[in-house]
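Student:
Protein chains: 4
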Amino acid sequence: MCGIFAIENNVDSATLAFAGLITLQHRGEESAGITANGDGNTYNTHKAMGLVSQIFKEKVLNNLSGKVAIGHVRYSTHSESSLLNAQPFVYNCIHGNIAVAHNGNITNFEKIKNRLAKSGSIFNHTSDTEIVAHLIAENTGKTTGQIIKKSVQSLEGAFSLVFIHGNKLIGVRDSFGFRPLALGKIDNSYILASETSAIDAIGGKFIRDIKPGEIIVIENGKITESLQFTKKVKEKLCIFEQVYFSRPDSILCGRNIKDARVDMGRYLAQQMKHIKADVVVPVPDTGLFSAQGFSQYSGIDLQIGFIRNHYVGRSFIKPSQKMREITAKLKLFPIKDVINGKRIVLIDDSLVRGTTAQKIVSTLRNAGAKEIHLALSSPAVISPCFYGIDTPIKSKLIAAVKSVEEIKEFLNVDSLTFLDINNMKKACGNGKPNNFCCACFDGKYPSKIDKNKLNA
Amino acid sequence: MCGIFAIENNVDSATLAFAGLITLQHRGEESAGITANGDGNTYNTHKAMGLVSQIFKEKVLNNLSGKVAIGHVRYSTHSESSLLNAQPFVYNCIHGNIAVAHNGNITNFEKIKNRLAKSGSIFNHTSDTEIVAHLIAENTGKTTGQIIKKSVQSLEGAFSLVFIHGNKLIGVRDSFGFRPLALGKIDNSYILASETSAIDAIGGKFIRDIKPGEIIVIENGKITESLQFTKKVKEKLCIFEQVYFSRPDSILCGRNIKDARVDMGRYLAQQMKHIKADVVVPVPDTGLFSAQGFSQYSGIDLQIGFIRNHYVGRSFIKPSQKMREITAKLKLFPIKDVINGKRIVLIDDSLVRGTTAQKIVSTLRNAGAKEIHLALSSPAVISPCFYGIDTPIKSKLIAAVKSVEEIKEFLNVDSLTFLDINNMKKACGNGKPNNFCCACFDGKYPSKIDKNKLNA
Amino acid sequence: MCGIFAIENNVDSATLAFAGLITLQHRGEESAGITANGDGNTYNTHKAMGLVSQIFKEKVLNNLSGKVAIGHVRYSTHSESSLLNAQPFVYNCIHGNIAVAHNGNITNFEKIKNRLAKSGSIFNHTSDTEIVAHLIAENTGKTTGQIIKKSVQSLEGAFSLVFIHGNKLIGVRDSFGFRPLALGKIDNSYILASETSAIDAIGGKFIRDIKPGEIIVIENGKITESLQFTKKVKEKLCIFEQVYFSRPDSILCGRNIKDARVDMGRYLAQQMKHIKADVVVPVPDTGLFSAQGFSQYSGIDLQIGFIRNHYVGRSFIKPSQKMREITAKLKLFPIKDVINGKRIVLIDDSLVRGTTAQKIVSTLRNAGAKEIHLALSSPAVISPCFYGIDTPIKSKLIAAVKSVEEIKEFLNVDSLTFLDINNMKKACGNGKPNNFCCACFDGKYPSKIDKNKLNA
Amino acid sequence: MCGIFAIENNVDSATLAFAGLITLQHRGEESAGITANGDGNTYNTHKAMGLVSQIFKEKVLNNLSGKVAIGHVRYSTHSESSLLNAQPFVYNCIHGNIAVAHNGNITNFEKIKNRLAKSGSIFNHTSDTEIVAHLIAENTGKTTGQIIKKSVQSLEGAFSLVFIHGNKLIGVRDSFGFRPLALGKIDNSYILASETSAIDAIGGKFIRDIKPGEIIVIENGKITESLQFTKKVKEKLCIFEQVYFSRPDSILCGRNIKDARVDMGRYLAQQMKHIKADVVVPVPDTGLFSAQGFSQYSGIDLQIGFIRNHYVGRSFIKPSQKMREITAKLKLFPIKDVINGKRIVLIDDSLVRGTTAQKIVSTLRNAGAKEIHLALSSPAVISPCFYGIDTPIKSKLIAAVKSVEEIKEFLNVDSLTFLDINNMKKACGNGKPNNFCCACFDGKYPSKIDKNKLNA
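Chains as they are written, first to last, in our numbering: chain A, 1 to 456; chain B, 1001 to 1456; chain C, 2001 to 2456; chain D, 3001 to 3456.
1) Going by the C-beta, is G2040(C) closer than 7 Å to any heavy atom of the ligand ZN?
2) Please confirm whether S1154(B) and R1173(B) have their CB atoms less than 8 Å apart.
3) For F1229(B), name the three-state secondary structure that DSSP assigns.
4) Taking the C-alpha atoms as reference points, what is the distance between F2306(C) and K2370(C)?
5) Assign A6(A) to one of three DSSP states: helix, strand, or coil.
6) Please determine, among L416(A), K394(A), R343(A), the residue with the shortest C-alpha to C-alpha distance to D349(A).
7) Can you find a CB in chain F that lies within less than 8 Å of the CB of K3258(D)?
8) Is it true that the segment 1230-1242 of chain B meets the segment 1207-1222 of chain B, where meeting means three or more beta-carbon pairs spaced less than 8 Å apart?
9) So the beta strand (DSSP E) A2099(C) belongs to, where does it begin and stop?
10) Can you find a C-beta in chain B that's less than 8 Å from the C-beta of E3110(D)?
11) What is the DSSP secondary structure of T3035(D), reduced to helix, strand or coil?
12) So which residues on chain D does M2323(C) lean against when the C-beta distance must stay under 7 Å?
13) In the DSSP assignment, the alpha helix (DSSP H) including K3205(D) goes from what residue to what residue?
14) Leaving out the 5 sequence neighbours to the left and right, which residues in its chain are closer than 6 Å to I1218(B) when beta-carbon positions are compared?
15) Helix, strand or coil for A1400(B), going by three-state DSSP, please let me know.
16) Could you check what DSSP says for F56(A) in three-state terms: helix, strand or coil?
17) The segment 2013-2025 of chain C: which residues have C-beta closer than 7 Å to a C-beta of chain D, in chain order?
18) My parser needs the beta strand (DSSP E) runs of 3 or more residues fully inside the segment 2127-2213 of chain C; what are they?
19) Given this structure, state the Cα-to-Cα distance separating T1224(B) from G1141(B), to the nearest angstrom.
20) Just tell me which of N2085(C), H2310(C), F2178(C) has its CA closest to the CA of Y2445(C).
21) Please name the residue, chosen from N2124(C), G2120(C), D2128(C), that lies closest to N2103(C) on a Cα-to-Cα basis.
22) Answer yes or no: do I1382(B) and A1400(B) have a C-beta to C-beta separation smaller than 8 Å?
23) Any C-beta of chain C sitting closer than 8 Å to the C-beta of H3310(D)?
24) DSSP three-state call for E3080(D): helix, strand or coil?
25) Between I1136(B), T1107(B), G1203(B), which lies nearest to I1164(B) when the distance is taken from Cα to Cα?
26) Give, in chain order, every residue of the segment 1325-1339 of chain B whose Cβ lies closer than 9 Å to some Cβ of chain A.
27) Leaving out five residues before and five after A2367(C) in sequence, what residues of the same chain have Cβ atoms less than 7 Å from its Cβ?
28) Measuring CA to CA, which of L24(A), T355(A), P433(A), S298(A) is closest to A182(A)?
29) From C2002(C) to P2088(C), what does the alpha carbon distance come to, in whole angstroms?
30) Assuming A2069(C) is part of the beta strand (DSSP E), what are its boundary residues?
31) Does the beta carbon of A117(A) sit closer than 8 Å to a beta carbon anywhere in chain C?
32) To the nearest angstrom, how far is the alpha carbon of I2407(C) from that of I3148(D)?
33) Any idea which residues DSSP pairs I3372(D) with across the strands?
34) Would you call the segment 2276-2284 of chain C and the segment 2296-2304 of chain C touching, i.e. three or more CB-CB distances under 8 Å?
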């Protein structure tokens, strides 16, 4: 997962990108970067490993002059080459300098890369984003929009992209619209952002989502081009955005994420009518709104059962097993008298490997929980994601390899309820329940997926 | 404010102190330090500016060998000399090496310092803690407890102290017990900590509070001395611990802080029966439990109305005004549809300068709030603290200089309700409502205070 | 200027490259990097701004596993994008991954880049080195040597290159051999280095120089290919290597640099027979050996007249004018009684802008020098270098814009003597005085130079 | 060893102290610090581990405002508590705040410390400097000079001290004058420095040495007090200053260090008349001037035989044995053709443990030296120093435990000549050969030394 934020026609572009990225930090905590430009060919870039607030001190931002800026936060597995792959990238080519930031996963990346390599291309990064630059360099056209159109037509998979080209800002979204990309405005400056909350954060107004298959070119506060790069468009927004990734104050499909989550909780409560419990306890922080919905529907009291310690950071130096265990325990701390002797409905967003849930259940048992009814505001994850979410391979997905009974035993819970897939779609859909990619829950991939990868 | 954590008779003493300090981090985010010893005269210390998790990497902890460790987190105003004043301190004297960490404020510090200076003493730190070391160095006695007893008798004000002397761990609490100090145990190791949650965090059991005026000496897993250094003992625990400082899962006066806060909310609801409102919104994170109590009593729906961005850090390099404003807005973000058009009961813990509350109210107004009824789970702060809490001088306390009507106007709220002082005492007191220092609320200081300071 | 060091077939390749780069540090103090490989496609790279000894701590070197390593030190003007341009570079292409490090300047860089851009190539760096990778990616061949041969044929200008390709180490030198590249061996490992002293430093034996126009491919301790990529070969080694750049213990053209410099001093003394002086004073450290030669021939006493403070470092944060002046004075410190009242022959290596010489002369005057006879162990620099040395444009070369009389006045010296160009060639040439590029002294460029650049 | 630099009545005091410390860096490379004051009680201090140029960036210096500044560079063995012991120290006492920096070793430190501890004093540092502050705090007097006088009378051993007291600068030198302390002036500002070259470095004029047993108090550009704290004065300057420590451009006993060293070389040549050799080779950098003297007297040619690599730094992270060996070899590099087949007189300053000399001789043998005649410009070191020089205990001094024959064998040299002690005194003495402490060479300690320490 990644987050992108872009703004144009603004002398404070880098500082506003900084504010936007702070708001999108939850989408990627590994590295962050900002590139700014706007008056010709000089692109100023700063990127580093770590959190946005640590990387972008005021002095650094002041050096990132330019009226157009794009920013990126990145989540990835640890690797020594990580800084090399931190975005945005800036490339020079026949069209001049171009900066790019990308959220998503290009599924036919290797095929295109092989084709390019055969024709003599070189590659600096292991990232799939670099091939987009190669394709742009290969293509010509009358306008920036035309060049981009030709370049992205061969791409398959998930891609929400932003580019700087001179003082133009360009936004692109793949034909399924897997990853979100919202258009906003503040004064005379257009904004592109992964989530609407980032537009709000800088005081801007949300206008609309970039449409699946759309290319939008903005220059000096005006939309100069808006075109579809393909006719085969079929909205399939990743439903995990509502379930887990997006901030509760962001709007997707015309709906506040918070409201979608409250509804998920209501549906869960409906599914679990037969369960008798004393208290509804959310796993912080994502379970909170679903727990509210559950409590409202069921009438069972919602209680804060855990203190989350925000001071326990992510470590980039691999800690020892002993240290990992010590710090893991400090993150989530039970409030004993909320739990002791109680029949608990525990609300979490999803069940992937099951290892975290197992630890949380064990914490509750140690704190004296009498019964634990685990309720997940999503269906069982049974299939990997190829569109940008870091789900593990099938064999590590607990619901792909164990039966419900086996999972209950593994987790040591008294009951286990997954949100019904249709309920999830209804909660998120705002009347359009079929506009989602639910491949990780139902195995139905909107685009072609290599079988070897699927069964890896 | 500060936090202290100590453990003895444990080969992992520094690592456990680290875990304890992580849990107490909210008590002081400026600097942190750990000193370990246990086999003679070699004391290992590491201290630095910043957060516990940034300062104590595994490699650092491994160098802090020793079976007794004391740790300290410190809150303070910025100053270049801050690292010099970071605790623990280690002093050498006639009794050998002694390490000390301190939570509180010694009110007759200058008088004692002047006396010591006249007799030829030198001072390294501007901290009041150093005079404790001087007094210990001056006194003799048959046992460590006897020496400490003679040394602390002349101290006035607030002091919860922990010492390492060889492989002894010593705990001391002033005769009013202004600041908390809890005794716990894990396996064969005793623990001393500012809050019980830190004892829980490492898997220990809370035994009892150190009593006002008590000195406790622990060695090799045994309490070897427990003595009272004065007969004039009168419990006056700082009630701000329950109102604001302590973690909700800590226990004080035999009561969970969370429960005290829920009761504060109930009493507030009782005081505000006449107010008609649509929704109760807590200021994160301290207002949450009071809001629960308010909602339970009043039947008005509790809604999460703000997203708090935990990625916005505290900056040690002074940012520009522009940057401060940008980041301030990113910290607390309103969820518009919770607020828009609503009559809101806004619950916060206390009102000190009023500037933060003013900003929050303004945020709510911008998000469309129809009415805002500010409810504070404490009385009006009208007098400065001399016992360790960083309240400003009288002239900067809004409730000391403005009438309720003027404050309402300043904050732009429709109504303003402070928790009645007796209700606060009842909520916190567990049947002993008079065992608290409420000087900042009622101006009644348990110990003598210099008039010049009071009216500064 | 840059320095390169490479070694293969050695499990300690990165550590030995580190030792080699320490020895070559004088060739570039801005950034340093090492890439290691040797078992397939995984290349480990570490590069940073700063000095070799600061960048490569033991822990870092241990992570650079691989049996083939290439290292690079770089001198360049300050720029924010400097780290991005630090070498070695690693590229992926049809031939797999290739690492490259480069010393020199490709003069037809822009022409080739334009051709590549037109055919759809993208560029990551502003460095001329990247086009070498592009050319390799474009070409095919039966062997690595054949591919490289086709790739470098179109390059003009100065290039000593080393590559890693799998577990092969490749060395290339341009057809004029502008920049040096020596072949050495230690045990079963071949070494390529900018100077022979770096081979000595790790205990290796110097074998021979890589020939102008030669490509050498080494694998597992064996030279598998040695081919000429062009028939138009004409040795034109940059004579500034002997004058200034190379370490005195390095060997070039079969001659110790030290001996060449001693001879330069002898010739200078011969040219200056008519000058009466009391003492010969070298500017540290490069003037030392020429001063020895001068003293030996003339019989005038050599005296150390300056203390050089090696603790005065280069600053990467731009200091204020005041600070620059303070530190400049601390670098070179006169020993007064060597200078006071004396007629001095001051020996320096070359005169470029004249500003440094002016300061040194002023220092001597302040220390009481009676007469100052400046002797330079090279002719007047009158033309810029396009082959990798950072000489300024013509208008900033003092000898290009001022007459000898004017320079004397500017510098405030009693006499000014440049080493005769033929004497310089004889001193360096070891019997082959015409094998040098002396373009900066005589304006005769061995390869075609763009007139616009020449007259910039 | 340490270096101190102080300046008063100057708005740029900290920057000038920085320049002074850069010049004195050779006296201590471990830590550095500057304290500035001048308008009351606020002392600004910055100190850190590392080199002066790394620690004091312009921004740091700008924060050290004040008209009086004292600076200190420190050499010491590695220890975790090193930063704690970095100087200057600032203490508060009955006289207000006092800053102190110290060069030397107080030999009755423990006796005084025990007395102070018994009377109730506490100690922050393991340094002997702290007791000076204690003594000042104990004493009273009409003037600052009188207070200092009473305070330092009980001190034994070596101490050159500088203090800041308000806007007064105070200098003190022990009654033997073991360590140097020079007085200088620039404009209206007095300077105190360990070496005259530091006074020169900032453009100041050397006035005179502070006399043994003298206290000097300076305020606002005027010497307000100059008094002797004892009548028992007997000049015994550490002769190692001339032999090794001081910069060659510093003046001691009215003589340029360089000239003393040249004379040492002459005397050595006189002692070694019978030796036939081809070349005189100095060990860089301290052997250079003695080698000049030797060459002048003997007529044997002086040749630079080693290249010293100034980029090989001192490491604070303990390197592995393998790494130590690699970097050791890079520091000093032989120029083969100077050495190969030659009979060499190798000039070094002193022989302490013998391990470094052994390595250098081995390097020369490997480079083909035919004969090696080691000449040391000092006598054999046979006794430890208690006055501030880091010589090892007797059992590790090679000349204390081995005969000349055994040393020759250990070092693998053809002959070994120590400078005769009387020759050394004559070279350094400027007509006063008895004004030196030569205890490390002759075992005659000017002050009382504890026998246990002597035979440790």
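No residue lacks a Cβ here, since even glycine has one placed at the ideal position from N, Cα and C.
Tutor: In short, the structure shows the following:
1) The ligand ZN is not part of this structure, which contains no ligands at all.
2) In the second sequence, counting from the first residue as 1, residue 1154(B) sits at position 154. In the second sequence, counting from the first residue as 1, residue 1173(B) sits at position 173. No, Cβ-Cβ distance for S1154(B) and R1173(B) is not below 8 Å.
3) On the second sequence, residue 1229(B) is found 229 positions in, with the first residue counted as 1. In this structure, F1229(B) counts as coil in the three-state DSSP scheme.
4) In the third sequence, residue 2306(C) corresponds to position 306, counting from 1. In the third sequence, residue 2370(C) corresponds to position 370, counting from 1. Going by the C-alpha atoms only, they are around 16 Å apart.
5) Your numbering for residue 6(A) matches position 6 in the first sequence. DSSP places A6(A) in strand when its eight states are reduced to three.
6) Residue numbering aside, residue 349(A) sits at position 349 when the first sequence is read from its first letter. For the residues L416(A), K394(A), R343(A), the minimum Cα distance to D349(A) belongs to L416(A).
7) The structure shown has no chain F; the protein chains it does contain are A, B, C and D.
8) yes
9) Taking the third sequence and counting its residues from 1, the one referred to as residue 2099(C) is at position 99. A2099(C) -> beta strand (DSSP E) spans 2096-2106.
10) Here residue 3110(D) corresponds to residue number 110 of the fourth sequence, with the count starting at 1. No, E3110(D) does not count as interfacial toward chain B.
11) Counting from one through the fourth sequence, the residue named residue 3035(D) turns up at place 35. Looking at T3035(D) - three-state DSSP - the assignment turns out to be strand.
12) As a first step, residue 2323(C) is located in the third sequence; it is residue number 323 there, counting from the start. Under the 7 Å cutoff, chain D gives E3058.
13) Here residue 3205(D) refers to the residue found at position 205 when the fourth sequence is read from its first residue. Note, K3205(D): premise wrong, no alpha helix (DSSP H); beta strand (DSSP E) at 3205-3209.
14) Indexing the second sequence from 1 puts residue 1218(B) at position 218. Within the same chain, I1218(B) has close Cβ partners E1008, L1169, Y1190.
15) Within the second sequence, residue 1400(B) is the residue found at index 400, counting from 1. Note: A1400(B) maps to helix in three-state DSSP.
16) Here the question's residue 56(A) lines up with position 56 in the first sequence. DSSP places F56(A) in coil when its eight states are reduced to three.
17) T2015, A2019, I2022, T2023, Q2025
18) 2157-2165, 2168-2173, 2182-2186, 2189-2193, 2205-2209
19) To locate residue 1224(B), count along the second sequence from 1; it is residue 224. To locate residue 1141(B), count along the second sequence from 1; it is residue 141. Taking the straight line joining both Cα atoms gives about 15 Å.
20) As a first step, residue 2445(C) is located in the third sequence; it is residue number 445 there, counting from the start. Per the Cα distances, F2178(C).
21) Within the third sequence, numbered from 1, the residue matching residue 2103(C) stands at position 103. When only C-alpha atoms are compared, the closest one is D2128(C).
22) As a first step, residue 1382(B) is located in the second sequence; it is residue number 382 there, counting from the start. As a first step, residue 1400(B) is located in the second sequence; it is residue number 400 there, counting from the start. Yes; because the gap between Cβ atoms is below 8 Å, this pair is in contact.
23) Here residue 3310(D) is taken as the residue at index 310 of the fourth sequence, counted from 1. Yes, its Cβ sits closer than 8 Å to a Cβ of chain C.
24) Locating residue 3080(D) in the fourth sequence gives position 80, counting from the first residue. Because the pLDDT of E3080(D) is 45, which lies under 50, any placement of that residue in the model is unreliable, and the question is left without a value.
25) As a working mapping, residue 1164(B) is identified with position 164 in the second sequence. Measuring from the Cα of I1164(B), the nearest candidate turns out to be I1136(B).
26) I1326, T1327, K1329, L1330, F1333, P1334, I1335, K1336, D1337, V1338
27) One-based indexing of the third sequence puts residue 2367(C) at position 367. Excluding positions up to five away in sequence, the list reads P2334, K2336, I2339, N2340.
28) Stepping through the first sequence from its first residue, residue 182(A) is reached at position 182. The option with the nearest alpha carbon to A182(A) is L24(A).
29) Locating residue 2002(C) in the third sequence gives position 2, where the first residue counts as 1. Locating residue 2088(C) in the third sequence gives position 88, where the first residue counts as 1. The alpha-carbon atoms of C2002(C) and P2088(C) are separated by roughly 12 Å.
30) Mapped onto the third sequence, residue 2069(C) falls at position 69. Where A2069(C) is concerned, the enclosing beta strand (DSSP E) stretches over 2068-2074.
31) Taking the first sequence and counting its residues from 1, one reaches residue 117(A) at position 117. For A117(A), the answer is yes, since a Cβ of chain C falls inside 8 Å of its Cβ.
32) For this step, residue 2407(C) is matched to residue 407 along the third sequence. For this step, residue 3148(D) is matched to residue 148 along the fourth sequence. For I2407(C) and I3148(D), the distance between alpha carbons rounds to 57 Å.
33) Position 372 of the fourth sequence, counted from the start, is the residue given in the question as residue 3372(D). I3344(D).
34) yes
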